[in-house]
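S.K.:
Protein chains: 2
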Amino acid sequence: MSFSHVAIIGLGLLGGSIGLAVEEHLPDVKTTGYDADPKVRERARQRGLAGTIADDPAEAVRGADLVILCVPVGAMEEAAKAIAPGLDRQAVISDVGSSKESVAKSLAKALPGHTIIPAHPVAGTEQSGPDAGFASLFQQRWCIVTPPKGAQEDSVAALARFWQQLGSTVEVMTPEHHDMVLAVTSHIPHLIAYTIVGTASDLEKVTRGEVIKYSAGGFRDFTRIAASDAVMWRDVFLNNREAVLDMLDSFLDDLEAMRRAIRKGNGEAMLELFSKTRAIRRSIVEQGQDDARPDFGRHDHG
Amino acid sequence: MSFSHVAIIGLGLLGGSIGLAVEEHLPDVKTTGYDADPKVRERARQRGLAGTIADDPAEAVRGADLVILCVPVGAMEEAAKAIAPGLDRQAVISDVGSSKESVAKSLAKALPGHTIIPAHPVAGTEQSGPDAGFASLFQQRWCIVTPPKGAQEDSVAALARFWQQLGSTVEVMTPEHHDMVLAVTSHIPHLIAYTIVGTASDLEKVTRGEVIKYSAGGFRDFTRIAASDAVMWRDVFLNNREAVLDMLDSFLDDLEAMRRAIRKGNGEAMLELFSKTRAIRRSIVEQGQDDARPDFGRHDHG
Chain A
1 MSFSHVAIIG LGLLGGSIGL AVEEHLPDVK TTGYDADPKV RERARQRGLA
51 GTIADDPAEA VRGADLVILC VPVGAMEEAA KAIAPGLDRQ AVISDVGSSK
101 ESVAKSLAKA LPGHTIIPAH PVAGTEQSGP DAGFASLFQQ RWCIVTPPKG
151 AQEDSVAALA RFWQQLGSTV EVMTPEHHDM VLAVTSHIPH LIAYTIVGTA
201 SDLEKVTRGE VIKYSAGGFR DFTRIAASDA VMWRDVFLNN REAVLDMLDS
251 FLDDLEAMRR AIRKGNGEAM LELFSKTRAI RRSIVEQGQD DARPDFGRHD
301 HG
Chain B
1001 MSFSHVAIIG LGLLGGSIGL AVEEHLPDVK TTGYDADPKV RERARQRGLA
1051 GTIADDPAEA VRGADLVILC VPVGAMEEAA KAIAPGLDRQ AVISDVGSSK
1101 ESVAKSLAKA LPGHTIIPAH PVAGTEQSGP DAGFASLFQQ RWCIVTPPKG
1151 AQEDSVAALA RFWQQLGSTV EVMTPEHHDM VLAVTSHIPH LIAYTIVGTA
1201 SDLEKVTRGE VIKYSAGGFR DFTRIAASDA VMWRDVFLNN REAVLDMLDS
1251 FLDDLEAMRR AIRKGNGEAM LELFSKTRAI RRSIVEQGQD DARPDFGRHD
1301 HG
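Written as structure tokens, this is what we have:
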């Protein structure tokens, strides 16, 4: 089993990148697309993000054997309802959302009787919208597939193969475990970045101009993440609340320990933490999950 | 007044980059260097980080009219004492440390009667050691000069001109204000990054292997900063304690507010914060303090 017609609902960074990646790696697969925003549809047509861009969601999925919802996780249920009238009974319904337990529930509720296999390609940039996507986004990235209990094995295998063909390595896990893993590798980092950028822009003792000028000391790295799509991230925190709060508690405990170390001048505690964190970086670079060049290669850019 | 012989004490990322930048931009200026580690001196000779590498600190500064201490801020006093026997009475003594109030005190104590003008080029990468430096590190970066009260104006002007010639823009401020500004633009970001990377590597519910695999969701950005030199950063937190604790309190207040918003499902509070942080990113990119390419240009690298 393999897919011959992929419908993409939502044509932002992820949806657009899927369309372009299919065109590059699976040229025989037909793509159709839809976005609720007419301006995005217009731009998607200009960039060719899908073979056909429909003006109606049900129309976009007609005849598709794989439908991928690429909308913020809070908009999944509504998007699923909107495509329902055009859905083929045999179609596999998937998505790219960053929280999986809530998405599994929303889709099961909106599309009873359909084959639903949620997934999450762990890939992205800080940019969003129909101009942000590019074909190589999923290369060398992981895609986590979270099939519900009793999911048909051949459908899961076909979805996994689809992502492999776009350049990803696939891992299967439960939605609950996915949500815990992503809370630490993605959601908490975003929460911290948004928060410190907010803190820095509202200080009394340091002006915003100074924060911008001297951002190369480390702060600028956080601003990249804090430039990510606001609605998408609001929805993540509304939909993965328990795991995020759990991980946030662990982080706050550790930060309190560091505060105590600074207050007491405990250099040994600092040195211990600051020395062990290098090993993780090394593994991430060795496993191809980040650029080995210093400063992410910024200096290679003149 | 301009300098004709620059002595560099400490030949890691910053010291090595100064040597290479002088060679490129000020080829008529003589450079000498020293590092307390014989292996670093050996490597510095191979890379030509300074015209001459001396095996004795006092020897390295003999005849120099500008001496730049490029050692961790906790090692400044000892390094200053070690060069004292060779110092010219007219020489300007400067440094590149990330905390300025403590450095001003250490240097004044170790070198009474000398002209001391501390400075801080806000530039760096996560790498360290004699192989890390490169000539363009200071291009388009700010260098903050923090002269003590009553400092000779021509010496301050000469130091400012030196940094401009290496490609930097110079700003003069008090050591106290510098320490407050850098606490938010550099020290707190490093503290947070070290802490979350530590938290993530010691979880019960998520393995270290999973954290590494799925790091592209945002976490990997923090690991870059958390790979910075451990001793240098321990010294920063030991030497800029008050400002760091002050800024950390502001951050913790804001993080607590976000925790409350997540717990209560207050999407509006999230949306407000997540929307305003984009503007800061835009300004940083517009002012040439970061790369405009998505994902720091990582995807341009194959």
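Line by line, the protein sequences are chains A and B. In terms of our numbering, the first sequence opens at residue 1 and continues consecutively. In terms of our numbering, the second sequence opens at residue 1001 and continues consecutively. Even for Gly, the Cβ is constructed at its ideal location relative to N, Cα and C. Computed from a prediction, not measured in an experiment: that's the story for all the values here.
Under three-state DSSP, which class holds B:D1095?
M.R.: Numbered from its first residue, the second sequence carries residue 1095 of chain B at position 95. For B:D1095, the three-state secondary structure derived from DSSP is strand.
S.K.: When the cut-off is 9 Å and only beta carbons count, does B:M1076 lie next to chain A?
M.R.: Reading the second sequence from its first residue, position 76 is the one you call residue 1076 of chain B. Taking Cβ atoms only, chain A never reaches closer than 9 Å to B:M1076, which makes this a no.
S.K.: Output, in sequence order along the chain, the residues in the region 1189–1200 of chain B whose CB is closer than 9 Å to any CB in chain A.
M.R.: Within the region 1189–1200 of chain B, the residues whose Cβ lies closer than 9 Å to some Cβ of chain A are P1189, H1190, L1191, I1192, A1193, Y1194, T1195, I1196, V1197, G1198, T1199, A1200, listed in chain order.
S.K.: Leaving out the 5 sequence neighbours to the left and right, which residues in its chain are closer than 8 Å to B:G1302 when beta-carbon positions are compared?
M.R.: Here the question's residue 1302 of chain B lines up with position 302 in the second sequence. A caution first: B:G1302 carries a pLDDT of 41, below 50, which makes its placement in the model too unreliable to give a value.
S.K.: Kindly list the residues whose CB is nearer than 8 Å to the CB of B:N1240, restricted to its own chain and excluding five residues on each side of it in sequence; keep chain order.
M.R.: The sequence position of residue 1240 of chain B within the second sequence is 240, counting from 1. Only S1098, S1099, E1101, S1102, D1179, L1182, A1183, H1187 meet the Cβ criterion.
S.K.: Quick one: any contact between the region 1281–1293 of chain B and the region 219–235 of chain A, if contact means 3 or more CB pairs under 8 Å?
M.R.: yes
S.K.: I want to see whether chain B comes within less than 9 Å of A:D56, judged by CB atoms only; does it?
M.R.: In the first sequence, counting from the first residue as 1, residue 56 of chain A sits at position 56. No, its Cβ sits nowhere closer than 9 Å to a Cβ of chain B.
S.K.: Any C-beta of chain A sitting closer than 9 Å to the C-beta of B:H1025?
M.R.: Position 25 of the second sequence, counting from 1, holds the residue named residue 1025 of chain B. Not closer than 9 Å to any Cβ of chain A, the Cβ of B:H1025 fails to qualify, so no.
S.K.: Would you check if there are 3 or more beta carbon pairs closer than 8 Å linking the region 109–117 of chain A to the region 23–34 of chain A?
M.R.: no
S.K.: What is the rounded straight-line gap between the Cα of B:R1062 and the Cα of B:D1055?
M.R.: Taking the second sequence and counting its residues from 1, the one referred to as residue 1062 of chain B is at position 62. Taking the second sequence and counting its residues from 1, the one referred to as residue 1055 of chain B is at position 55. Computed Cα separation, rounded: 12 Å.
S.K.: Give a yes or no on whether 9 Å exceeds the smallest Cβ distance from A:T125 to chain B.
M.R.: Taking the first sequence and counting its residues from 1, one reaches residue 125 of chain A at position 125. Chain B, which has a Cβ nearer than 9 Å to the Cβ of A:T125, makes this yes.
S.K.: Rounding to the nearest angstrom, what Cα-Cα distance links B:T1168 and A:V96 in this structure?
M.R.: Indexing the second sequence from 1 puts residue 1168 of chain B at position 168. Indexing the first sequence from 1 puts residue 96 of chain A at position 96. In the sequence as presented, Thr is not what sits at residue 1168 of chain B; that position holds Ser. Taking the straight line from one Cα to the other gives about 43 Å.
S.K.: Leaving out five residues on either side along the sequence, give the residues of the same chain with a beta carbon under 7 Å from the beta carbon of A:P294.
M.R.: As a working mapping, residue 294 of chain A is identified with position 294 in the first sequence. None.
S.K.: In chain A, which residues lie less than 7 Å from B:P1147 when you measure between Cβ atoms?
M.R.: The count along the second sequence starts at 1 and reaches residue 1147 of chain B at position 147. Here the premise fails: no neighbours, minimum Cβ distance about 18 Å.
S.K.: Between the alpha carbons of A:E242 and B:K1081, how many angstroms are there, rounded?
M.R.: As a position in the first sequence, residue 242 of chain A is number 242, starting the count at 1. As a position in the second sequence, residue 1081 of chain B is number 81, starting the count at 1. Looking at the two C-alpha atoms, the distance is approximately 55 Å.
S.K.: Is it the case that the Cβ atoms of A:I308 and B:L1238 are separated by a distance below 9 Å?
M.R.: Because chain A in this structure spans residues 1 to 302, residue 308 of chain A falls outside the shown range and cannot be described.
S.K.: Using a Cβ-Cβ cutoff of less than 7 Å, which residues in the same chain neighbour B:M1270 once the five nearest sequence positions on both sides are dropped?
M.R.: If you number the second sequence from 1, residue 1270 of chain B lands on position 270. Hits under 7 Å: A1261.
S.K.: Taking a cut of 8 Å between CB atoms, which residues from the region 1285–1297 of chain B lie near chain A?
M.R.: Answer set for the region 1285–1297 of chain B: Q1287, Q1289, D1290, D1291, R1293, P1294, D1295, F1296, G1297.
S.K.: Rounded to the nearest angstrom, how far is the Cβ of B:A1064 from that of B:A1007, given a contact under 8 Å?
M.R.: Numbered from 1 along the second sequence, position 64 holds the residue referred to as residue 1064 of chain B. Numbered from 1 along the second sequence, position 7 holds the residue referred to as residue 1007 of chain B. A Cβ-Cβ separation of about 4 Å places B:A1064 in contact with B:A1007 under the 8 Å criterion.
S.K.: Which first and last residues belong to the alpha helix (DSSP H) in which B:A1104 is found?
M.R.: Within the second sequence, residue 1104 of chain B is the residue found at index 104, counting from 1. Note, B:A1104: alpha helix (DSSP H), 1101–1110.
S.K.: Can you tell me which of B:T1174, B:F1134, B:A1160 puts its alpha carbon nearest to the alpha carbon of B:G1150?
M.R.: Counting from one through the second sequence, the residue named residue 1150 of chain B turns up at place 150. With distances taken between Cα atoms, B:G1150 lies closest to B:T1174.
S.K.: Let's test the definition: count the other Cβ atoms within 10 Å of the Cβ of B:M1001 and tell me whether it reaches 16, buried, or not, exposed.
M.R.: Position 1 of the second sequence, counted from the first residue, corresponds to residue 1001 of chain B. So B:M1001 ends up on the exposed side.
S.K.: Could you have a look at A:L137 and say whether DSSP puts it in helix, strand or coil?
M.R.: Your numbering for residue 137 of chain A matches position 137 in the first sequence. Three-state result, A:L137: coil.
S.K.: Give me whichever residues DSSP pairs with A:E268 in a beta bridge.
M.R.: Position 268 of the first sequence holds residue 268 of chain A. A:E268 is not bridged to any residue.
S.K.: May I ask you to list the residues that DSSP assigns as paired with A:A7?
M.R.: Here residue 7 of chain A refers to the residue found at position 7 of the first sequence. For A:A7, which the question treats as bridged, DSSP gives the partners A:T32, A:V67.
S.K.: Just the chain B side, please: which residues come within less than 7 Å of A:V122 by C-beta, in chain order?
M.R.: Here residue 122 of chain A refers to the residue found at position 122 of the first sequence. In chain order: Y1214, A1216, G1217.
S.K.: Tell me, please, whether the region 1011–1023 of chain B touches the region 1118–1132 of chain B by the rule of three or more beta-carbon pairs shorter than 8 Å.
M.R.: yes
S.K.: According to a CB-to-CB cut-off of less than 7 Å, which residues of the region 1253–1273 of chain B neighbour chain A?
M.R.: D1254, L1255, M1258, R1259, I1262, R1263, G1265, G1267, M1270, L1271, L1273
S.K.: In the structure shown, what three-state DSSP assignment does B:G1302 receive?
M.R.: Taking the first residue of the second sequence as position 1, residue 1302 of chain B is located at position 302. Annotation note: pLDDT 41 at B:G1302 (below 50); position unreliable, no value reported.
S.K.: Check each candidate in B:E1153, B:T1199, B:Y1214 and name the one with the smallest Cα separation from A:H177.
M.R.: By one-based count along the first sequence, residue 177 of chain A stands at place 177. The candidate whose alpha carbon is nearest that of A:H177 is B:Y1214.
S.K.: Would you kindly work out how many angstroms separate the C-alpha atoms of B:K1039 and B:V1236, rounded to a whole number?
M.R.: As a working mapping, residue 1039 of chain B is identified with position 39 in the second sequence. As a working mapping, residue 1236 of chain B is identified with position 236 in the second sequence. Taking the straight line from one Cα to the other gives about 25 Å.
S.K.: Label B:E1210 either buried or exposed according to how many other C-beta atoms from any shown protein chain fall within 10 Å of its C-beta, with 16 as the threshold for buried.
M.R.: Within the second sequence, the letter at position 210 stands for residue 1210 of chain B. The residue is buried, with at least 16 neighbouring Cβ atoms inside 10 Å.
S.K.: At 9 Å on the CB atoms, spell out the chain A contacts of B:I1018, in chain order.
M.R.: Translated into the one-based positions of the second sequence, residue 1018 of chain B becomes position 18. The contacting residues do not exist; B:I1018 stays about 16 Å from chain A at best.
S.K.: For A:G33 and B:Q1165, I'd like the C-alpha separation in whole angstroms.
M.R.: Walking along the first sequence from the start, residue 33 of chain A turns up at place 33. Walking along the second sequence from the start, residue 1165 of chain B turns up at place 165. Going from the Cα of A:G33 to the Cα of B:Q1165 covers about 54 Å.
S.K.: So is A:P85 buried or exposed if we call it buried at 16+ other beta carbons inside 10 Å?
M.R.: Reading the first sequence from its first residue, position 85 is the one you call residue 85 of chain A. Classification of A:P85: exposed, given that the 10 Å Cβ count is below 16.
S.K.: Considering only C-alpha positions, which residue in the set A:P72, A:G51, A:R259 is nearest to B:I1192?
M.R.: Reading the second sequence from its first residue, position 192 is the one you call residue 1192 of chain B. That would be A:R259, whose Cα lies nearest to the Cα of B:I1192.
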